[in-house]
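Colleague:
Numbering (full-length UniProt numbering), first residue to last: 1 to 272.
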């Protein structure tokens, strides 16, 4: 089987990252990984992947910089509004029957999904009895998520998404605008724990009623996808819910028989 020099260097870089920093990107899909690393080369002024590898081994700050390229967040608030409408209609009535709730947002990136979920729970009268675990592997993204400050010019799109998801209020009720930024109400995150967690290397940490992990699995190879589905299955309580991204499917996984689709198009499943 032929491997180009770039592929070999890329594999060695991922191995070095794992050995030095315990971040495991070895089972991420090749095409998007290669694209991100080549972009990092240009921005970090390295002539080759090997040169980049040498830098990250000796300079932790360079690894921190590379991590921002390897985990580029592609997210927005109430992204795929029909998903949130599905949660509102099909999942929230069931969650209402529990005295307290635990919700896990895996791969939360810079927090847009977390605030969307918190707003939905608030409108459904469930936020005060919910504990939300928001996890990601990128410390800088988690820091941004904690701050709850987003670009003001994104609010028009987010407002449209919110309305399409069945929002009950004026979206602007949830944030204060200042200096071209929107600062979201801190009360939304009173029950949120932001934590560093890797689907590639870490284990289950809580029994949850709902897991939302969207647009993360598309970057994983089959082996890593199976590991993640195993974590989700183990972490969900009896008849708990799992939400995936619009381009993701559990259909061809060994875990498929253990979940039933609630809304197939919205990628909402329930543990059998």
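Glycine is no exception: its CB is placed at the ideal position from the N, C-alpha and C atoms.
Can you list, in chain order, the stretches of the alpha helix (DSSP H) that have 4 or more residues and sit fully within the segment 47 to 117?
Modeller: 49 to 58, 60 to 70, 81 to 86 and 92 to 95, all fully within the segment 47 to 117.
Colleague: Measuring CB to CB, does residue 273 end up less than 9 Å from residue 70?
Modeller: Here the chain has residues from 1 to 272 only, and residue 273 is not among them.
Colleague: Mind checking whether residue 48 and residue 77 have CB atoms under 9 Å apart?
Modeller: No, they are not a contact pair.
Colleague: Does the beta-carbon distance from residue 111 to residue 134 come in below 9 Å?
Modeller: Yes, they are a contact pair.
Colleague: Around the C-beta of residue 98, are 16 or more other C-beta atoms found within 10 angstroms, so that it is buried, or is it exposed?
Modeller: Counting Cβ neighbours within 10 Å, residue 98 comes out exposed, since fewer than 16 surround it.
Colleague: On the three-pair Cβ rule with 8 Å, is the segment 211 to 228 touching the segment 158 to 165?
Modeller: Contact between the segment 211 to 228 and the segment 158 to 165 is absent, because fewer than three Cβ pairs lie under 8 Å.
Colleague: What is the rounded straight-line gap between the Cα of residue 130 and the Cα of residue 240?
Modeller: Using only the alpha carbons, I get a separation of about 14 Å.
Colleague: Which residue spans inside the segment 132 to 205 form an unbroken beta strand (DSSP E) run of at least 3?
Modeller: Correct list: 149 to 151, 175 to 178, 181 to 184 and 192 to 196.
Colleague: With residue 235 as the anchor, note down where its alpha helix (DSSP H) starts and where it stops.
Modeller: Here the alpha helix (DSSP H) through residue 235 covers 222 to 235.
Colleague: Do residue 80 and residue 245 have their CB atoms nearer than 9 Å?
Modeller: Yes, the pair counts as a contact, with Cβ atoms nearer than the cut-off.
Colleague: In angstroms with no decimal places, state the Cα-to-Cα distance between residue 128 and residue 138.
Modeller: Cα to Cα, residue 128 sits roughly 27 Å from residue 138.
Colleague: Hey, could you find the ends of the alpha helix (DSSP H) residue 260 is sitting in?
Modeller: Unbroken run through residue 260 is the beta strand (DSSP E), 259 to 263; no alpha helix (DSSP H).
Colleague: Which residues in the same chain have their Cβ closer than 7 Å to the Cβ of residue 183, if we skip the five residues on either side of it in sequence?
Modeller: Result list for residue 183: 148, 149, 175 and 176, in chain order.
Colleague: In the DSSP assignment, find the beta strand (DSSP E) that holds residue 208 and state where it starts and stops.
Modeller: Taken as a continuous stretch (DSSP letters only), the beta strand (DSSP E) holding residue 208 covers 208 to 213.
Colleague: Judging by CA-CA distance, which residue of 265, 237 and 188 is the nearest neighbour of residue 209?
Modeller: Taking only the C-alpha atoms, the option nearest residue 209 is 237.
Colleague: Touch check for the segment 4 to 18 and the segment 47 to 64: three-plus C-beta pairs under 8 Å?
Modeller: Taking 8 Å as the limit for Cβ pairs, the verdict is that the segment 47 to 64 does touch the segment 4 to 18.
Colleague: Is residue 272 helix, strand or coil by DSSP?
Modeller: Three-state DSSP puts residue 272 in coil, outside helix and strand.
Colleague: Hey, out of 1, 270, 266 and 96, whose CA is closest to residue 232's CA?
Modeller: If we check each option's Cα against that of residue 232, 270 comes out closest.
Colleague: Would residue 85 pass as a contact of residue 206 if the rule is Cβ separation under 9 Å?
Modeller: No.
Colleague: Return yes when the Cβ of residue 23 is within less than 9 Å of the Cβ of residue 200, no when it is not.
Modeller: Yes, Cβ-Cβ distance for residue 200 and residue 23 is below 9 Å.
Colleague: Since residue 299 and residue 88 are thought to touch, with beta carbons under 8 Å apart, how far apart are those beta carbons, to the nearest angstrom?
Modeller: With the chain covering only 1 through 272, there is no way to say anything about residue 299.
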